[in-house]
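Remarks on the structure that follows.
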Amino acid sequence: MKQPEQPVGVIGYGVYIPRYRIAGREIARIWTDGQNVPPVESKSVPGPDEDTITMSIEASRNALARAAVPAEQLGAVWVGSESHPYSVKPSGTIVAEALGTTPWISAADWQFACKAGTEALTAGMGMVSSGMSRYVLAIGADTAQARPGDALEYTASAGAAALVIGPADESLAVIEAMVSYVTDTPDFFRRADRPYPVHGQRFTGEPAYFHHSRSAAQRLLEDLGRTPDDYTYAIFHQPNAKFPQAVAKQLGFRPEQIAPGLLSPQIGNIYSAIAMAGLAATLDVARPGDTILMVSYGSSAGSDAFSLRVTDALLERRPRAPLTATYLARQEFVDYAIYVKWRNELVLG
Amino acid sequence: MNLAKHWRQKGTYYLFQGQRHKTTGEIRFPARPPMLGERADDWLPTVLSGKGEIYSFTVLRQAATEFESATPFALALIRLAEGPMITAQLTDCAEEDLFIGQPVEMVTRLLRRPTDKDGVLVYGYKFRPVLSSPS
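Protein sequences appear in the order of chains A and B. Residues in the first sequence are numbered consecutively from 50, following this note's numbering. Residues in the second sequence are numbered consecutively from 1085, following this note's numbering.
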């Protein structure tokens, strides 16, 4: 278990989910004549003018609005994603500039499949705890890629979540401790210069997602001397609707503990953002004194588990920015043709 | 690629930064160099609220190559809360969603997709109907 030397917490949080959706049955209509049972009801689709950078900017503006921290007081802007628009040129520089934090800022991009965002969060905790910066912005954002017709196409979606990390005594949720569990388990990867990732089918399950998520969560619970009953809420990584519910059950969490943060049935897997967006949705309903366990998972492979305790400051800060439900409610469904056009799958010559 | 041009405009494009007259308080957007008879320090940089309303709008169904992926899209005259009238693309909306006098808010989006795969990505302001909370 890792605990910051100086206590840290979440000062502000923000989420962004695009307006557009595609139904799982619409993808099944194209590829399986409607015979496949989709793993989620629908997934979010980025509009033609959206990418990891634009979504990071809106989620971060929401997080800063809740934190009420002037942007120039941030010490770092770190963006975790596996869909950075540039291979070479940091997303962080554009996001930092759009927030008004430049030039005295650290900015960088993080990569660890779906847990790049919580890697940025972990580093942010260290940066604040060490006293090098008072506030750090950690972002998870993705417009996830999937080969047309692949099983991933039903779930690979788009969204962003941002957390402002700062001193615990200013926080709306104290981060009590965290654990990282990492191995070389090649369940899912994308080689350099390849457009779509490949995955190991069933190999992505037990040796990968379940083993790593369980290991991180169990170790954190053991080290803190707690059980699932000590937590009001829990959030797990959501590659589909089934896995997070299964791992929660394996660990002994009840369905109502994960319900507020379970977003994948509606929006699919927003990759680097999904665990942090689940945390945001949970903070949207949490009350002071509530305890929250968040467990991310990134393929190939690792899990980060965090233990949080909500403070009185949440109630005042929550209304300062749109709730996750606001973004979930504005859904506009598109058909597969529009989806393909917007995802730049068409060769126009 | 106009790298220097886009770089110079980042205050306008990213931060929605205009100018405020230090004596009269008048706001202008986008920022511009002093006009004849003005002193260089008459106008101070100021970040605008990003709030406004639609004064008029039209829908583009045929657009230049860089905008093809987004067609059809709406282009609007927007009266900003601070007073200036600007032209901007609308996003996250369908034509039937729009009306004159509609409250809109600024968002940062990709302004166009470069036709050259080596081109720089240009981000900047667009407007969308104000987000409404679920009832």
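Idealized CB from N, CA, C, for every residue including glycine.
- Tell me whether the beta-carbon of A/V89 lies closer than 9 Å to the beta-carbon of A/A290. In the first sequence, the residue the question calls residue 89 of chain A occupies position 40. In the first sequence, the residue the question calls residue 290 of chain A occupies position 241. Yes, the pair counts as a contact, with Cβ atoms nearer than the cut-off.
- Task: Note down, in chain order, each residue of its chain lying with its Cβ closer than 6 Å to the Cβ of B/E1166, except the 5 sequence neighbours on either side.
- Result: Looking up residue 1166 of chain B in the second sequence gives position 82. The answer, listed in chain order, is I1111, L1132.
- Quick one: any contact between the stretch 205-216 of chain A and the stretch 81-97 of chain A, if contact means 3 or more CB pairs under 8 Å? These segments touch.
- Message: From the DSSP secondary-structure annotation, give me the bridge partner or partners of A/T340.
- Response: Locating residue 340 of chain A in the first sequence gives position 291, counting from the first residue. Answer is A/R358.
- With a cut-off of 8 Å, do at least 3 Cβ pairs link the stretch 73-83 of chain A to the stretch 209-219 of chain A? Contact between the stretch 73-83 of chain A and the stretch 209-219 of chain A is absent: fewer than three C-beta pairs spanning the two stretches fall below 8 Å.
- Taking the Cβ atom as the reference point for each residue, do A/L212 and A/G180 lie within a distance shorter than 9 Å? By one-based count along the first sequence, residue 212 of chain A stands at place 163. By one-based count along the first sequence, residue 180 of chain A stands at place 131. In terms of Cβ geometry, A/L212 and A/G180 do not form a close pair [threshold 9 Å].
- Item | Beta-ladder partner(s) of B/K1135, from DSSP | Translated into positions along the second sequence, residue 1135 of chain B becomes position 51. DSSP, once it has assigned bridges, lists B/E1189 as partnering B/K1135.
- Message: Let me see if you follow: with CB-CB separation under 9 Å, is A/R369 close to chain B or not?
- Response: Residue 369 of chain A sits at position 320 when you count from the first residue of the first sequence. Using beta-carbon distances, A/R369 does not count as an interface residue toward chain B, since no partner is under 9 Å.
- Task: Check the Cβ of B/S1153 against every Cβ in chain A and list those closer than 8 Å, keeping chain order.
- Result: Locating residue 1153 of chain B in the second sequence gives position 69, counting from the first residue. Chain A residues near B/S1153: P97, K390, W391, N393.
- Query: Would a C-beta distance cut-off of 9 Å place B/P1156 and B/E1180 closer than the cut-off?
  - Reply: Counting from 1 along the second sequence, the entry for residue 1156 of chain B is found at position 72. Counting from 1 along the second sequence, the entry for residue 1180 of chain B is found at position 96. For B/P1156 and B/E1180, no; Cβs fall outside 9 Å.
- Task: Rounded to whole angstroms, what's the CA-CA distance from B/R1163 to B/I1170? Just pull it up for me.
- Result: As a working note, residue 1163 of chain B is residue 79 in the second sequence. As a working note, residue 1170 of chain B is residue 86 in the second sequence. The alpha-carbon separation between B/R1163 and B/I1170 amounts to approximately 7 Å.
- If you measure from the beta carbon of B/V1143 to each beta carbon in chain A, is any gap under 9 Å? Start at 1 with the first residue of the second sequence, and residue 1143 of chain B comes out as number 59. Using a CB distance cut-off of 9 Å, B/V1143 does not count as an interface residue toward chain A.
- Message: One question on the structure: do A/Q387 and A/V359 come within less than 9 Å of each other, judged by their Cβ atoms?
- Response: By 1-based counting over the first sequence, the position of residue 387 of chain A is 338. By 1-based counting over the first sequence, the position of residue 359 of chain A is 310. Sequence check: residue 387 of chain A is Ile here, not Gln. Going by C-beta atoms, A/I387 is not nearer than 9 Å to A/V359.
- Item | Proximal residues to A/V228 (C-beta, below 6 Å), its chain only, five neighbours per side dropped | To locate residue 228 of chain A, count along the first sequence from 1; it is residue 179. Cβ within range, chain order: M50, A265, R268, L269, A354.
- Message: Taking 9 Å as the threshold (beta carbon to beta carbon), is B/D1200 in contact with chain A?
- Response: For the purposes of this step, residue 1200 of chain B is taken as the residue at position 116 of the second sequence. So no, B/D1200 is outside the interface.
- Task: Verify the CB distance criterion: does A/T340 have a CB-CB separation below 9 Å to chain B?
- Result: Residue mapping note: residue 340 of chain A aligns to position 291 of the first sequence, counting from 1. A/T340 does not count as touching chain B.
- Classify A/E255 as buried or exposed, calling it buried when 16 or more other Cβ atoms lie within 10 Å of its own Cβ. Locating residue 255 of chain A in the first sequence gives position 206, counting from the first residue. A/E255 is exposed by the Cβ-count criterion.
- Query: So which residues of chain B does A/P134 contact, with C-beta pairs closer than 8 Å?
  - Reply: Looking up residue 134 of chain A in the first sequence gives position 85. In chain order, L1205 make up the part of chain B whose C-beta sits under 8 Å from the C-beta of A/P134.
- Per DSSP, what kind of secondary structure is A/K298 in: helix, strand or coil? The residue given as residue 298 of chain A occupies position 249 in the first sequence. Helix.
- Task: State the start and end residues of the unbroken alpha helix (DSSP H) segment that holds A/I102.
- Result: The count along the first sequence starts at 1 and reaches residue 102 of chain A at position 53. Counting along the chain, the unbroken alpha helix (DSSP H) around A/I102 starts and ends at 101-116.
- Considering only the beta carbon of each residue, do A/G124 and A/Y62 sit closer than 9 Å? Taking the first residue of the first sequence as position 1, residue 124 of chain A is located at position 75. Taking the first residue of the first sequence as position 1, residue 62 of chain A is located at position 13. Not a contact, by the Cβ cut-off of 9 Å.
- Query: When the Cα atoms are used, what is the spatial distance from A/V118 to A/V86?
  - Reply: Along the first sequence, one-based indexing puts residue 118 of chain A at 69. Along the first sequence, one-based indexing puts residue 86 of chain A at 37. Taking the straight line joining both Cα atoms gives about 46 Å.
- Task: Quick one: using the 10 Å Cβ neighbour count with 16 as the cut-off for buried, is A/F237 buried or exposed?
- Result: Sequence index remark: in the first sequence, residue 237 of chain A carries index 188 (1-based). So A/F237 counts as buried.
- Relative to the alpha-carbon of A/I66, which residue among A/V396, A/N393, A/A378 has its alpha-carbon at the smallest distance? As a working mapping, residue 66 of chain A is identified with position 17 in the first sequence. The shortest C-alpha separation from A/I66 is found at A/A378.
- Which bits of chain B does A/T103 rub up against, with CB to CB less than 9 Å? One-based indexing of the first sequence puts residue 103 of chain A at position 54. From the beta-carbon of A/T103, the residues of chain B found nearer than 9 Å are V1191, T1192, R1193, L1194, Y1207.
- Query: Applying the criterion that 16 or more other CB atoms from any shown protein chain within 10 Å of the CB defines a buried residue, is A/W159 buried or exposed?
  - Reply: Within the first sequence, the letter at position 110 stands for residue 159 of chain A. It is buried - the Cβ of A/W159 has at least 16 other Cβ atoms within 10 Å.
- Query: Taking 9 Å as the CB-CB cut-off, is A/G198 touching chain B?
  - Reply: In the first sequence, residue 198 of chain A corresponds to position 149, counting from 1. A/G198 does not count as touching chain B.
- Which partner residues of B/A1172 appear in the DSSP bridge assignment? Taking the first residue of the second sequence as 1, we reach residue 1172 of chain B at position 88. DSSP lists B/A1160 as partners of B/A1172.
- Query: Got a sec? Which residues, its chain only, sit under 6 Å from A/A370 by beta carbon, not counting five neighbours each side?
  - Reply: For this step, residue 370 of chain A is matched to residue 321 along the first sequence. So the qualifying residues of the chain are G63, N111, A114, R115.
- Message: Please list the terminal residues of the continuous beta strand (DSSP E) segment that includes A/V126.
- Response: The sequence position of residue 126 of chain A within the first sequence is 77, counting from 1. Its beta strand (DSSP E) spans residues 123-129.
- Query: Quick one: what does DSSP say A/Q55 is sitting in, helix, strand or coil?
  - Reply: On the first sequence, position 6 is the one that residue 55 of chain A refers to. Assigned with DSSP and collapsed to three states, A/Q55 falls in coil, not helix or strand.
- Message: Report the CB separation of A/T375 from B/L1215 in whole angstroms; it is logged as a contact under 8 Å.
- Response: One-based indexing of the first sequence puts residue 375 of chain A at position 326. One-based indexing of the second sequence puts residue 1215 of chain B at position 131. Contact between A/T375 and B/L1215 holds, since their C-beta atoms are separated by about 6 Å, short of 8 Å.
- Do the CB positions of A/K138 and A/Y346 come within less than 9 Å of each other? By 1-based counting over the first sequence, the position of residue 138 of chain A is 89. By 1-based counting over the first sequence, the position of residue 346 of chain A is 297. No, the pair does not count as a contact, with Cβ atoms beyond the cut-off.
- Query: Going along chain A in order, which residues have a C-beta closer than 9 Å to the C-beta of B/K1210?
  - Reply: On the second sequence, residue 1210 of chain B is found 126 positions in, with the first residue counted as 1. The contacting residues are D98.
- Flag B/V1188 as yes if its beta-carbon sits less than 9 Å from any beta-carbon of chain A, otherwise no. For the purposes of this step, residue 1188 of chain B is identified with residue 104 of the second sequence, where counting begins at 1. Judged by the 9 Å Cβ criterion, B/V1188 is not in contact with chain A.
- Start-to-end residues for the beta strand (DSSP E) that takes in A/W153: Counted from its first residue, the first sequence places residue 153 of chain A at position 104. Counting along the chain, A/W153 sits inside no beta strand (DSSP E), nor does DSSP assign it H or E at all.
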